[in-house]
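For reference, the structure is listed below as structure tokens.
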Amino acid sequence: MATKKKTPSWVDVKARLADIDRAGLIGLVQDLYAASKDNQAFLHARFALGDDVLKPYKATITQWINPADPRKPQSVAKAKKAITDYKKALGQPEGLAELTVFYCEEVFAFLAVCGVEDEDFYVALVSMFEQALKYVLALPVSQQPDFIARLDRVRGLGQDLGWGVGEDFDIFWAEAGLPGEA
1174 MATKKKTPSW
1184 VDVKARLADI
1194 DRAGLIGLVQ
1204 DLYAASKDNQ
1214 AFLHARFALG
1224 DDVLKPYKAT
1234 ITQWINPADP
1244 RKPQSVAKAK
1254 KAITDYKKAL
1264 GQPEGLAELT
1274 VFYCEEVFAF
1284 LAVCGVEDED
1294 FYVALVSMFE
1304 QALKYVLALP
1314 VSQQPDFIAR
1324 LDRVRGLGQD
1334 LGWGVGEDFD
1344 IFWAEAGLPG
1354 EA
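Position 131 (the sequence shown) corresponds to 1304 in the working numbering; numbering is contiguous.
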């Protein structure tokens, strides 16, 4: 009877890592670093290296939500993945607040140039706005005002979109207990 080979998993990798010495492990990380820009961004964020660890994540959001050439394809999933990747790499609350608010701002920068007739695009925007509010309100009170002001601008821009975006923004805003018309 033939046995089926199983797909390798983290458990298998972890078992092999136990056999590697320090120099081998550093070599492995170096190879991973050289293998992709995503790995580099991850390691820079994890170790808080560079002036702006959020820069590559913001660039990815811009690339997929608000490309320099509006004819280029958009991908909400790839833009959201940048936030997920940052969360895995470092996940600092202020960084998550910045990236989610930035995502919302980039949507409106794109919409100032192009229209979008895709309900899923707007559903993702509303979801990101809700997430951004949660991240911002989880920050210390002293760090919230600038983020809240930016989200209030986003909320104002959402009032003219249709698709129920403005109404949803207002609901989340009111549920968060923030001042302003709902």
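Yeah, the Cβ is synthetic: ideal placement off N, Cα and C, and Gly gets one too.
field: Contacts around Lys1210, its chain only, beta-carbon distance under 6 Å, and the 5 residues preceding and following it disregarded
entry: Locating residue 1210 in the sequence shown gives position 37, where the first residue counts as 1. Cβ within range, chain order: n/a, list empty.
- request: Whole angstroms is fine: what's the gap from Gly1353's alpha carbon to Gly1197's?
  value: As a working note, residue 1353 is residue 180 in the sequence shown. As a working note, residue 1197 is residue 24 in the sequence shown. Near 57 Å, if we compare the C-alpha coordinates of Gly1197 and Gly1353.
- prompt: Sorted by chain position, which residues of the same chain lie with C-beta nearer than 7 Å to Ala1218's C-beta, five sequence neighbours on each side aside?
  reply: As a working mapping, residue 1218 is identified with position 45 in the sequence shown. Val1226, Tyr1259, Ala1262, Leu1263, listed in sequence order.
message: Can you give me the C-alpha to C-alpha distance between Val1184 and Leu1216, rounded to a whole angstrom?
response: Mapped onto the sequence shown, residue 1184 falls at position 11. Mapped onto the sequence shown, residue 1216 falls at position 43. Taken atom to atom, the span from the alpha-carbon of Val1184 to that of Leu1216 is near 22 Å.
task: Specify, as a first and last residue, the run of the alpha helix (DSSP H) that Ala1285 falls within.
output: In the sequence shown, counting from the first residue as 1, residue 1285 sits at position 112. Run containing Ala1285: none; DSSP gives neither H nor E here.
- prompt: By Cβ distance, which residues of its chain are closer than 6 Å to Gly1337, with the 5 residues on each side in sequence left out?
  reply: In the sequence shown, counting from the first residue as 1, residue 1337 sits at position 164. Residues of the same chain with a CB within less than 6 Å of the CB of Gly1337, apart from the 5 flanking positions on each side, do not exist.
message: So the candidates are Val1274, Ile1256, Ala1305; which of them puts its Cα closest to the Cα of Pro1229?
response: For this step, residue 1229 is matched to residue 56 along the sequence shown. If we check each option's Cα against that of Pro1229, Ile1256 comes out closest.
- request: Run the CB neighbour count on Gln1247, radius 10 Å, all protein chains shown included, and call it buried at 16 or more, exposed below.
  value: Taking the first residue of the sequence shown as 1, we reach residue 1247 at position 74. Answer is buried; the Cβ neighbour count reaches 16.
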